[in-house]
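Trainee: Adding 17 to a residue's 1-based position in the sequence shown gives its number in my numbering.
My questions all concern the structure below.
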Amino acid sequence: IGRALVDQCIGFARDADYRQLMLWTQDVLVHARHLYESTGFSVVERETHRLFGTEMTGERWLLSLH
């Protein structure tokens with residue numbers, strides 16, 4: 018289901034002539050990160066932060082569409 022949702026989002030963005038997509042996730046979400054990487058996204062930024070009292074590493078991923 019996750020792959021279908023990501024593919025639909027990418028397809029919509031391409032049809033709308035977007036230049037790029039950016040998303041934000043956490044480094045602990047291994048399955049999601051693998052999905053994003055397998056669809057062509059690349060990590061462009063990592064940042065440590067506190068969320069709900071726990072230190073985490075957020076990541077921004079970018080996919081160029083052109």
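All residues carry an ideal CB built from backbone N, CA and C; glycine is no exception.
Nothing here was measured: the structure is a model prediction, and the numbers come from that model.
Does leucine 79 come out as helix, strand or coil in the three-state DSSP assignment?
Mentor: Translated into positions along the sequence shown, residue 79 becomes position 62. Note: leucine 79 maps to strand in three-state DSSP.
Trainee: Roughly how far, in whole angstroms, is the beta-carbon of isoleucine 27 from the beta-carbon of threonine 56, given that I think they are within contact range, below 8 Å?
Mentor: Within the sequence shown, residue 27 is the residue found at index 10, counting from 1. Within the sequence shown, residue 56 is the residue found at index 39, counting from 1. About 7 Å; that satisfies the 8 Å criterion.
Trainee: Would arginine 76 and valine 60 be called neighbours here (beta carbons separated by less than 7 Å)?
Mentor: In the sequence shown, the residue the question calls residue 76 occupies position 59. In the sequence shown, the residue the question calls residue 60 occupies position 43. Strictly speaking, residue 76 in this sequence is glutamate, with arginine absent from that position. Cβ distance < 7 Å, so glutamate 76 and valine 60 count as in contact.
Trainee: For the beta strand (DSSP E) containing valine 84, list its first residue and its last residue.
Mentor: The structure shown has nothing for residue 84, since the chain only spans 18 to 83.
Trainee: Give me the residue from Glu54, Phe58, Arg50 and Ser81 with the minimum Cα distance to threonine 74.
Mentor: Along the sequence shown, read from residue 1 onward, the residue named residue 74 stands at position 57. Answer by Cα proximity: Arg50.
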